[in-house]
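Enquirer: For the record, the sequence lines run as chains A and B.
Read in order, the letters of the first sequence correspond to residues 1 to 393 in this note's numbering.
Read in order, the letters of the second sequence correspond to residues 394 to 786 in this note's numbering.
Idealized CB from N, CA, C, for every residue including glycine.
Questions regarding the structure given below will be posed in turn.
Number of protein chains: 2
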Amino acid sequence: MQIESVDFFYLSMPEVTLEADGSQDALLVRVAAGGHVGFGECEAAPLPSIAAFVCPPSHGACQPVSASVLGRALNSPADIAAIAADVAYNSMDVLQAAHTFSGIEMALWDILGKALGEPVWKLLGYRASHAKTPYASLLFGDDAQQTMLRARDAKARGFKAAKFGWGPIGRGTPQQDAEHFMAAREALGHDGILLVDVGQIFGEDVARAAARLPALEAAGVVWLEEPFHASALQEYGALARQCGKVRLAGGEGAHNASMARHLIDYGGIGFVQIDCGRIGGIGPAKQVADHAVAKGITYVNHTFTWHLALSASLQPFAGLADHTICEYPAAPKELAVALTRNHLLPDRHGAVCAPDAPGLGIEIDGDAVRRYQLDTELRVAGRILYRSPKFPG
Amino acid sequence: MQIESVDFFYLSMPEVTLEADGSQDALLVRVAAGGHVGFGECEAAPLPSIAAFVCPPSHGACQPVSASVLGRALNSPADIAAIAADVAYNSMDVLQAAHTFSGIEMALWDILGKALGEPVWKLLGYRASHAKTPYASLLFGDDAQQTMLRARDAKARGFKAAKFGWGPIGRGTPQQDAEHFMAAREALGHDGILLVDVGQIFGEDVARAAARLPALEAAGVVWLEEPFHASALQEYGALARQCGKVRLAGGEGAHNASMARHLIDYGGIGFVQIDCGRIGGIGPAKQVADHAVAKGITYVNHTFTWHLALSASLQPFAGLADHTICEYPAAPKELAVALTRNHLLPDRHGAVCAPDAPGLGIEIDGDAVRRYQLDTELRVAGRILYRSPKFPG
């Protein structure tokens, strides 16, 4: 097969708010090769990601992503890795390139799986797709009472695990934060899995993060996610050395496998969270999963969008029976629900699996794509470099 | 003062080739505040960088760079740091944001310096601007003979230091590479400073890089630059442990101060090379310079474009008398020469200095901006998010 076309669809809710909800827009990628069509998603910021695919070159190491993708052979996982290496080299100085290529790379695996009649996780070398326990991703309430109500609601909806994030945590006193942690614990019960995500709120301030550790331990929190910015390896490492039972989690900001490996090796995290829509796709995510296994820590997906991204994100650790927690978009916007004809719904035990179907096993709903698509055009020096394509059918 | 406007000018040579020459296009940033105007440059890939400034938000942590810049107070270096922190937080998931903000941040220092009547290096806390020895950045020839001729030419033009990069190195045998190194040494003479840049050619392959070390040592090469990709900390560290007199150099790919610090702390480099147009501007570059001093290694600028970027790149280590090597665009394209009315020319000893003039001390040539500007337009959902501004005057 040969890669014939790569099309980007910029999809959005009519209104996008500033809440910490990644399901408000999407950049869908459609790739065609050898009579097959595959799909992927770039996370996030559709406009710069489109620009990185079509931009004029600045020089040899600053070429658009398209230069390393269009027309390339696609017959094996090795072909995908070769394309990825060329993107990294030829688009070295286009910072956004990793996000742009992430969606393309997923689509290449989707095509390869469809062509070979195999799910992607089999192409990655796994023999089975093991069930994962989804956690509900929720925002902390404005006060502890609201946090408790949200935890109760998640439990009532059947979730055995809940992650609370952002909101007021880290902005007030450690005591105020402690009230939120205890409220969530109380509502979830003693056997609920409680996770906390503070969204880089402490920047590089280890002491402020460490001041929350006693309350996190007391509330039986399993992980503290993203205390610092994505590259703050030394701060991660310093905090990890002060942790008792709580482990650090991070990695969603990694835009290559090395960055995630460093968080494990230097940052001392216990859970590595990979967004396939940012790290360069499924291939580098699988490398991180292998490294996590070698280092005895746990791999988790980062997915805050829709079920195509969810399927892609489950593939790299589908075969790891002991890595059982998965992020699951618990309250996505209508856009994110409408975009796929099928969904990865929890089974009767409340667990979800990477699908046992060719490729990523997800069907795109063309009507929804057409309904939510934003008309977009990029023009340089009189040439139209990008204009929103029509979704076929 | 308050930041009133931020304008981007996409400038390009009529033809851009794929040679490793970063002076073929430029993204000039013009910022106005309190009656002052400052300039900066984003390196590289103008279109994605513009898109990251104007893109619609995807969610609260994925906002355009503009959201954290326009209307902000600008009265001190602390104000610049506060804006930088907000960009990092609010544009967390826009990968390109660091490159976009780099040019803006330079312009903010330029304004502050002009308003206070001080050169930027004084605002950074330095008392003097020390002379640096510029090296000519050259490409290896197709064969050793051509490399020798280029080295001879650089010596004849008065350069005491020359860096050879890219070309065939790493693509053939170590013996073929050795011939290039020795040819360059022979032409430069025993007292010429010889530097080698292999542009990430070895990816993550430590053994292939190490196979070149004996020849590099024999040719008296001072540094081996970018053997691996920018995030390959462990590979840098492994190679550094095998080095004798040759030291590793790297850092141009760092898009925040942490990444550069990690190359020093984990990667074992002896020279840290910072591009102010990528790392987030002058402030984070100064943090890296401070860290380099603390760790006893040498700071060097990375500048392959024009003299506005050169002045910005010299500021963070202007006051470090012992850090004497600087990169200097030796054969830039006409665009890069025409863009500024003044140039940082070597003095009679062949040395260059950060200017002793308010701000960055560089005057932009409006005629050249107008002549090389590419008409550019970005449109989403019927709204024009960006259209090439007219350069005033």
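1) In chain order, which alpha helix (DSSP H) runs of at least 4 residues are fully inside the region 586-638 of chain B?
2) Nearest by alpha-carbon distance to residue 36 of chain A: which of A:99, A:48, A:109 is it?
3) Taking DSSP as the reference, what is the three-state secondary structure of residue 304 of chain A?
4) Expressed to the nearest angstrom, what Euclidean distance is found between the alpha-carbon atoms of residue 89 of chain A and residue 330 of chain A?
5) Report all residues from its chain with a CB closer than 6 Å to the CB of residue 72 of chain A; omit the five preceding and five following residues, and keep chain order.
6) My assumption, with CB atoms under 8 Å, is that residue 609 of chain B sits in contact with residue 617 of chain B. Please give the rounded CB distance.
7) Note the first and the last residue of the continuous beta strand (DSSP E) segment covering residue 665 of chain B.
8) For a contact meaning CB atoms closer than 8 Å, what does residue 649 of chain B contact in chain A?
9) For residue 95 of chain A, which residues in chain B fall below 7 Å Cβ to Cβ?
10) Pull out every residue of the region 54-66 of chain A whose Cβ sits closer than 9 Å to any Cβ of chain B, in chain order.
11) Who are the neighbours of residue 417 of chain B on chain A, taking C-beta pairs under 7 Å?
12) Does residue 236 of chain A get closer than 8 Å to chain B when you measure Cβ to Cβ?
13) Pull out every residue of the region 328-360 of chain A whose Cβ sits closer than 7 Å to any Cβ of chain B, in chain order.
14) Are residue 596 of chain B and residue 557 of chain B closer than 8 Å when you measure CB to CB?
15) Consider the Cβ of residue 280 of chain A: report whether some Cβ of chain B lies at a distance smaller than 8 Å.
16) What separation, rounded to the nearest whole angstrom, lies between the Cα atoms of residue 573 of chain B and residue 497 of chain B?
17) Who are the Cβ neighbours of residue 486 of chain B in its own chain at under 6 Å, not counting the five residues just before and after it?
18) In terms of residue numbering, what span does the alpha helix (DSSP H) encompassing residue 155 of chain A cover?
19) When burial is assigned at 16 or more other CB atoms within 10 Å of the CB, is residue 287 of chain A buried or exposed?
20) Quick check on the burial criterion: 16 or more other C-beta atoms within 10 angstroms. Buried or exposed for residue 347 of chain A?
21) For residue 772 of chain B and chain A, any beta-carbon pair shorter than 8 Å?
22) With a threshold of 8 Å between beta carbons, is residue 767 of chain B in contact with chain A?
23) Please state whether DSSP places residue 352 of chain A in a helix, a strand or coil.
24) Indicate whether the contact test is met: 3 or more Cβ pairs, each with one atom in the region 669-685 of chain B and one in the region 396-411 of chain B, closer than 8 Å.
25) Less than 8 Å between the CB atoms is what I'm expecting for residue 693 of chain B and residue 657 of chain B, so what's the real figure, rounded?
26) Checking contacts by CB at 8 Å: is residue 142 of chain A closer than that to chain B?
27) Are any of the Cβ atoms in chain B nearer than 8 Å to that of residue 36 of chain A?
28) Which same chain residues end up closer than 7 Å to residue 605 of chain B when comparing Cβ atoms and leaving out the 5 residues on each side of it in sequence?
29) Run through the DSSP bridge pairs and tell me what residue 391 of chain B is partnered with.
30) Given that residue 479 of chain A touches chain B, what residues does it touch there, using C-beta distances under 7 Å?
31) Listing by chain order, which chain B residues have their CB less than 9 Å from the CB of residue 92 of chain A?
32) Quick one: complete alpha helix (DSSP H) runs, 4+ long, within the region 401-453 of chain B?
33) Determine the direct distance from the alpha carbon of residue 672 of chain B to that of residue 447 of chain B, and round the result to whole angstroms.
34) Pull out every residue of the region 681-701 of chain B whose Cβ sits closer than 9 Å to any Cβ of chain A, in chain order.
35) Taking residue 394 of chain A as the reference, give the member of A:29, A:340, A:315 with the closest Cα.
36) Apply the 10 Å Cβ neighbour rule to residue 273 of chain A and answer buried if 16 or more other Cβ atoms are within range, or exposed otherwise.
Expert: Checking against the coordinates, here is how it stands:
1) 599-603, 606-611, 626-633
2) To locate residue 36 of chain A, count along the first sequence from 1; it is residue 36. Looking at the Cα atoms, A:109 is the closest of the given residues.
3) Residue mapping note: residue 304 of chain A aligns to position 304 of the first sequence, counting from 1. Residue 304 of chain A falls in the coil class under three-state DSSP.
4) Here residue 89 of chain A is taken as the residue at index 89 of the first sequence, counted from 1. Here residue 330 of chain A is taken as the residue at index 330 of the first sequence, counted from 1. Near 37 Å, if we compare the C-alpha coordinates of residue 330 of chain A and residue 89 of chain A.
5) One-based indexing of the first sequence puts residue 72 of chain A at position 72. So the list reads 3, 83, once near-sequence residues are dropped.
6) Here residue 609 of chain B refers to the residue found at position 216 of the second sequence. Here residue 617 of chain B refers to the residue found at position 224 of the second sequence. The pair is a contact, with the Cβ atoms about 6 Å apart (cut-off 8 Å).
7) Within the second sequence, numbered from 1, the residue matching residue 665 of chain B stands at position 272. Boundaries of the beta strand (DSSP E) harbouring residue 665 of chain B: 664-667, taken from the DSSP string.
8) Position 256 of the second sequence, counted from the start, is the residue given in the question as residue 649 of chain B. By Cβ distance, chain A contributes 229, 231.
9) The residue labelled residue 95 of chain A in the question sits at position 95 within the first sequence. Per Cβ cutoff of 7 Å: 488, 489, 491, 492, 648.
10) 54, 55, 56, 57, 58, 59, 60, 61, 62, 63, 64
11) Residue numbering aside, residue 417 of chain B sits at position 24 when the second sequence is read from its first letter. Neighbours of residue 417 of chain B on chain A, chain order: 58, 59.
12) Translated into positions along the first sequence, residue 236 of chain A becomes position 236. It does not: the Cβ of residue 236 of chain A has no partner Cβ on chain B nearer than 8 Å.
13) none
14) Counted from its first residue, the second sequence places residue 596 of chain B at position 203. Counted from its first residue, the second sequence places residue 557 of chain B at position 164. Contact: no.
15) In the first sequence, counting from the first residue as 1, residue 280 of chain A sits at position 280. Not closer than 8 Å to any Cβ of chain B, the Cβ of residue 280 of chain A fails to qualify, so no.
16) Here residue 573 of chain B is taken as the residue at index 180 of the second sequence, counted from 1. Here residue 497 of chain B is taken as the residue at index 104 of the second sequence, counted from 1. When rounded, the distance between both Cα atoms is 40 Å.
17) Taking the second sequence and counting its residues from 1, one reaches residue 486 of chain B at position 93. The residues are 454, 455.
18) Locating residue 155 of chain A in the first sequence gives position 155, where the first residue counts as 1. It spans 144-156 - the alpha helix (DSSP H) in which residue 155 of chain A sits, taken as one unbroken run.
19) Within the first sequence, the letter at position 287 stands for residue 287 of chain A. Per the 10 Å Cβ criterion, buried.
20) What you label residue 347 of chain A is simply residue 347 of the first sequence in a count that begins at 1. Residue 347 of chain A comes out exposed.
21) As a position in the second sequence, residue 772 of chain B is number 379, starting the count at 1. Residue 772 of chain B belongs to the set of residues whose beta carbon lies under 8 Å from a beta carbon in chain A.
22) For this step, residue 767 of chain B is matched to residue 374 along the second sequence. For residue 767 of chain B, the answer is yes, since a Cβ of chain A falls inside 8 Å of its Cβ.
23) By one-based count along the first sequence, residue 352 of chain A stands at place 352. The answer is strand: DSSP assigns residue 352 of chain A an E or B state.
24) No, because fewer than three Cβ pairs between the region 669-685 of chain B and the region 396-411 of chain B fall closer than 8 Å, the two stretches do not touch.
25) Working through the second sequence from its first residue, we reach residue 693 of chain B at position 300. Working through the second sequence from its first residue, we reach residue 657 of chain B at position 264. Not really, about 12 Å apart at Cβ, beyond 8 Å.
26) One-based indexing of the first sequence puts residue 142 of chain A at position 142. Residue 142 of chain A does not count as touching chain B.
27) In the first sequence, counting from the first residue as 1, residue 36 of chain A sits at position 36. For residue 36 of chain A, no CB of chain B lies under 8 Å from its own CB, so it is not counted at the interface with that chain.
28) Indexing the second sequence from 1 puts residue 605 of chain B at position 212. Answer for residue 605 of chain B: 567, 570, listed in chain order.
29) One cannot answer for residue 391 of chain B here, as it falls past the ends of chain B, which runs 394 to 786.
30) The shown model of chain A, from 1 to 393, leaves out residue 479 of chain A, and the question about it has no answer.
31) Within the first sequence, residue 92 of chain A is the residue found at index 92, counting from 1. The contacting residues are 592, 593, 622, 623, 646.
32) Runs of the alpha helix (DSSP H) inside the region 401-453 of chain B: 439-447.
33) The residue you call residue 447 of chain B lines up with position 54 of the second sequence. The residue you call residue 672 of chain B lines up with position 279 of the second sequence. Whole-angstrom Cα-Cα distance: 20 Å.
34) Those residues of the region 681-701 of chain B that come within reach of chain A (Cβ to Cβ, closer than 9 Å) are 697.
35) Here chain A has residues from 1 to 393 only, and residue 394 of chain A is not among them.
36) For the purposes of this step, residue 273 of chain A is identified with residue 273 of the first sequence, where counting begins at 1. So residue 273 of chain A ends up on the buried side.
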